[in-house]
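Numbering (this note's numbering), first residue to last: 1 to 146.
Right, dumping it as structure tokens:
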């Protein structure tokens with residue numbers, strides 16, 4: 001039970017980490033890597049922005065290693081929470097919203113439609129200033145209204 005609570009807590013905490021990283025790192029110090037993501041059309045299959053997947057994967061890999069090495073201790077479940085959040089982020093952001101993979105083209109789900117609306121508002125700003133809606137899985141309730 002404690003393992004599941006660690007996993008769930010980390011998963012939820014990652015939304016806070018994502019919001020802060022997106023607002024202050026991606027739209028700040030590391031804008032160079034994120035800027036191409038805010039352009040209307042992607043020139044290539046990969047973007048410079050994809051480096052953030054690697055950056056977030058590194059702690060997961062390290063935590064998995066030491067978690068398994070330590071006999072499936074709490075570090076493994078910390079890594080699992082980060083990894084599962086990353087998977088959900090990928091499915092929502094890259095697959096559903098940006099359609100980098102054409103797996104789920106249409107949805108009538110109010111939650112998913114709200115996420116898409118909020119992200120569209122975020123992308124109306126092509127520069128790093130004046131951004132809004134920096135979260136991914138939890139966005140303001142006003143975007144869930146039809």
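Ideal Cβ positions, reconstructed from N, Cα and C, are used throughout, including at glycine.
Bear in mind that the values here come from a model prediction, so they are computed numbers and not experimental data.
Query                                                                                                                                                                        : Result
Taking residue 63 as the reference, which of 25, 116, 18 and 7 has the closest Cα?                                                                                           : 7
Whose CA, out of 79, 55, 56 and 54, lies closest to the CA of residue 66?                                                                                                    : 79
Can you name, in chain order, every residue of its own chain whose Cβ lies under 6 Å from the Cβ of residue 31, other than the five neighbours on each side?                 : 128
Once you ignore the five residues that flank residue 9 on each side, which residues in its own chain have a CB closer than 8 Å to its CB?                                    : 81
Helix, strand or coil for residue 69? Go by DSSP, reduced to three states.                                                                                                   : helix
Between the alpha carbons of residue 74 and residue 51, how many angstroms are there, rounded?                                                                               : 27 Å
Between which two residues does the alpha helix (DSSP H) holding residue 138 run?                                                                                            : Run containing residue 138: none; DSSP gives neither H nor E here.
Answer yes if the segment 11 to 21 comes into contact with the segment 109 to 123, meaning at least three C-beta pairs across the two stretches below 8 Å, and no otherwise. : no
Out of 121, 136 and 137, state which residue places its alpha-carbon closest to the alpha-carbon of residue 130.                                                             : 121
For residue 33 and residue 93, what's the separation of their Cα atoms in angstroms?                                                                                         : 17 Å
So, is residue 96 buried or exposed, given that buried needs 16 or more other C-beta atoms within 10 angstroms?                                                              : buried
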